[in-house]
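Chains as they are written, first to last, in the numbering used here: chain A, 813 to 1228; chain B, 29 to 547.
Taking it in order: structure first as structure tokens, then the write-up.
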């Protein structure tokens, strides 16, 4: 046996820093490219810039200056809206140290707090879709599972009165997870037993969830009064906030980070995750080696649903404290993009969720300060997703060497 | 002037130099064999010639003129035709329709002119002795005839340089002879042929000249008259190879696998295993021979729980296992080396260490409760990789980046290292290099001598002959006969493989016989 490997194939030992850098490279460049194209759109739609370009050959500097001003104003206010005004933060810090009065400082942190508040449901929902991807399942039903989970936790939150918080709060959270899990397990079971494709079924389950919630909010769960909203949840079911009003950052954010670690642990450190990843990457080999496709499909869809349910639960118990019609800002759908951007890895999902959270919450300020419509953020998000989903574009744009990507099979073929 | 000349063809893939300045010439009216192990660069070279890959360096001359080949259509224009290993035919269409696909002639400006094509097919058939009915549906034709259709397709496109990629892989010995006759007729009528193979005996039988590739380089062109199989094998591998599997007499003991009256339907509802009864004893190898697609695959699937059986019983060591789950069957001490190693045997995007525990990850010491014990998994994988000679820089490498032989060794390591009573090895050396074949054969015999019952399924007759103690021949879902391996000839098995019952066949001559591995 003196046969030698044909050519020296250099291969890295264990996942090293180089691999992590490569995994982050394409998403980072995708975000950058999205922002650049967003800037171009801002310039094109800016009246002052447009006028200046009309006279480009008369005064090219003016045109360039107008462009710069338009973009700087837009992205500047986006940044301030996302992270806060550095001047105000320093000022607040000064007051805190000189007088011990923290109110100014806390108020200055409001934008940052809001970014994290927005990121919280994104983390949960992104994990939900990512977990599905890992098992080769495309859970488009995160939004519906979120609705059901939210309503279940709100119901437990307002209907049980007089419980101590350490019983009531866990119960409300559990209800949210179970509600979502149920809504995810149904299409999972249908897929496993009958082969009905989960994309179709989860979309249908979404519609059932939306109309069901309309009915519940206008009927059985409606608070006294005219508006279709639930009663306020009991204080004992609230996720505590870290600071006084107006900062709404609460324990939900910590729970989301814990959930991300939990999903990571489950996927990569346990036999359950080993099965999930095997089924996702090669269901034939999984079956050959004795894993049950049926059990794994139902399990993953239930877990995925539970995470979606928690996305809404964290928001209702930590932020809104009641549920009204259309309470989700499409978290469940953005979650698909998040999972893609995060390469279905819990850490990637957290980073992507933080990005989306800051963009979303900064966009409101950008609209009011710079007059840029909030939709520009949707355009940038859309572009980022296209670039992440078609990394060939990014590689071509930045002349990257063709890196062999064999990480995750997102979704298996349509049908079986 | 040579018909075809390749000069200094070089092609690199990331991490591999698939072709390293390969040159070869094809003379007018000759059969040139291109011999090499899997991964030697044969297929890459031919794909370059056929315009499927672009070479990094080198040039192609057709009849002395520089040929600019960028896509298959250019190759066809130069008169180059390729018969692929996997047929590119549409089963539900007739021979005529398959031949005209892509260049359909039209009559009256609108309608397909099938008659014209059929006439041309008959002409070609007559000219080259390629018997085939133009109006037959491809799905009704035996494999050997389907291959003829592929050759006709190429000739219809007026190719005079034919490339045949491993053309004998799917044929019975009799069909191979038929093919060789056709090839001789073709060269007599002025065609030139490149015959790609890794089988030494075929090369000796058919080639005018032999170009041997090894590790992406041409190691020389030789004449068959100057060669014998041993010399060719060492040229191909680069070292001395033993072509004979050394094994002692089997000492069969108690019954390990007992199959009675088994019926199995495939996914399409066809009855593919039709009343099969047999047993395998501890310490013996039962070989199942047969042309691919006669129900062997489904038989194995039903034994391993991947496909339900319709009726009948299967017992392993006395316990019934029919229609139980794959895990239950594995836990009875059954090891399965699957026919399709990339589909069933491995998760290619998993590192080697995860593949090593694919069937045992949930058992101690690899898991405690639901928590994987990474240190144990790594230590065991490293030990197994060393013990089973998996050539890899480390066990963290993804299985998909290894060569076929090393991928198969991962599966062998995983399956053989468990405590097993029954080994089901399906096409265990398909597509592997000589070195790996030798290695795997020796391991299988080793398992047999340890007292494991071995069920070997192979479409390579020589492999069956080399390893088996008894041989069953499967044809259309049934066992035509089960014979002791010591007293059977290849010719007799060939007849059985074609479905000819023993009572109609000439009696098997007995006597001593040397067994060689088909390389």
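Beta carbons: idealized from backbone N, C-alpha and C, even for Gly.
Predicted model only: the values in this text are computed from it and were never measured.
Simplified DSSP state of residue i, which is helix, strand or coil
| i | result |
| --- | --- |
| residue 1104 of chain A | coil |
| residue 1009 of chain A | coil |
| residue 480 of chain B | coil |
| residue 173 of chain B | helix |
| residue 40 of chain B | strand |
| residue 272 of chain B | coil |
| residue 529 of chain B | coil |
| residue 52 of chain B | strand |
| residue 420 of chain B | coil |
| residue 188 of chain B | coil |
| residue 412 of chain B | helix |
| residue 817 of chain A | Low confidence applies here, because residue 817 of chain A scores a pLDDT of 38, under 50, leaving its location unreliable and the question unanswered by this model. |
| residue 290 of chain B | strand |
| residue 337 of chain B | coil |
| residue 198 of chain B | coil |
| residue 886 of chain A | helix |
| residue 20 of chain B | Past the edges of chain B, shown from 29 to 547, lies residue 20 of chain B, and the structure says nothing about it. |
| residue 1127 of chain A | helix |
| residue 972 of chain A | coil |
| residue 285 of chain B | strand |
Residue i at chain A interface by Cβ criterion, 7 Å
| i | result |
| --- | --- |
| residue 35 of chain B | no |
| residue 548 of chain B | In the structure as shown, chain B starts at 29 and stops at 547, and residue 548 of chain B therefore has no counterpart that could be examined. |
| residue 272 of chain B | no |
| residue 348 of chain B | no |
| residue 372 of chain B | yes |
| residue 442 of chain B | no |
| residue 447 of chain B | no |
Option nearest residue i by Cα separation, candidates the options
| i | options | result |
| --- | --- | --- |
| residue 1121 of chain A | A:1186, A:965, A:880 | A:965 |
| residue 41 of chain B | B:429, B:485, B:459, B:365 | B:429 |
| residue 941 of chain A | A:1022, A:1155, A:1184 | A:1155 |
| residue 187 of chain B | B:197, B:217, B:170 | B:217 |
| residue 273 of chain B | B:496, B:37, B:310, B:47 | B:496 |
| residue 435 of chain B | B:417, B:450, B:452 | B:417 |
| residue 194 of chain B | B:209, B:228, B:165 | B:228 |
| residue 444 of chain B | B:363, B:105, B:280, B:281 | B:363 |
Beta-carbon spacing of residue i, residue j below 7 Å
| i | j | result |
| --- | --- | --- |
| residue 1113 of chain A | residue 991 of chain A | no |
| residue 315 of chain B | residue 492 of chain B | yes |
| residue 235 of chain B | residue 257 of chain B | no |
| residue 1072 of chain A | residue 1135 of chain A | no |
| residue 39 of chain B | residue 83 of chain B | yes |
| residue 111 of chain B | residue 205 of chain B | no |
| residue 304 of chain B | residue 139 of chain B | no |
| residue 1110 of chain A | residue 1001 of chain A | yes |
| residue 448 of chain B | residue 480 of chain B | yes |
| residue 1150 of chain A | residue 1126 of chain A | no |
| residue 1178 of chain A | residue 890 of chain A | yes |
| residue 882 of chain A | residue 864 of chain A | no |
Chain B contact for residue i (CB, 7 Å cutoff)
| i | result |
| --- | --- |
| residue 1097 of chain A | yes |
| residue 1102 of chain A | yes |
| residue 1090 of chain A | yes |
| residue 1054 of chain A | no |
| residue 1223 of chain A | In this predicted model, residue 1223 of chain A has a pLDDT of only 49, less than 50, meaning its place in the structure is not dependable enough to derive any value. |
| residue 1084 of chain A | yes |
| residue 1212 of chain A | no |
| residue 1018 of chain A | no |
| residue 1093 of chain A | yes |
heavy atom of the ligand GDP below 6 Å from residue i C-beta
| i | result |
| --- | --- |
| residue 435 of chain B | As presented, the structure is devoid of all ligands, the ligand GDP included, so that no description of it is given. |
Three CB pairs or more closer than 8 Å across the region 1093-1108 of chain A and the region 961-978 of chain A: no
Decide yes or no for the touch test of the region 278-298 of chain B against the region 259-270 of chain B: beta carbon pairs closer than 8 Å, at least 3 of them. no
Does the pairing of the region 329-338 of chain B with the region 503-522 of chain B give three or more beta-carbon distances under 8 Å? Of all C-beta pairs linking the region 329-338 of chain B to the region 503-522 of chain B, fewer than three are shorter than 8 Å, placing the two stretches out of contact.
Segment contact, 8 Å Cβ cut-off, at least three pairs: the region 290-306 of chain B with the region 264-280 of chain B: no
Three or more beta-carbon pairs under 8 Å between the region 1029-1037 of chain A and the region 1008-1021 of chain A, yes or no? no
On the three-pair Cβ rule with 8 Å, is the region 206-226 of chain B touching the region 134-148 of chain B? no
Is it a yes or a no for the region 1132-1147 of chain A touching the region 1073-1083 of chain A, going by three-plus beta-carbon pairs under 8 Å? no
Stretch pair the region 396-415 of chain B + the region 381-388 of chain B: three plus CB contacts closer than 8 Å: yes
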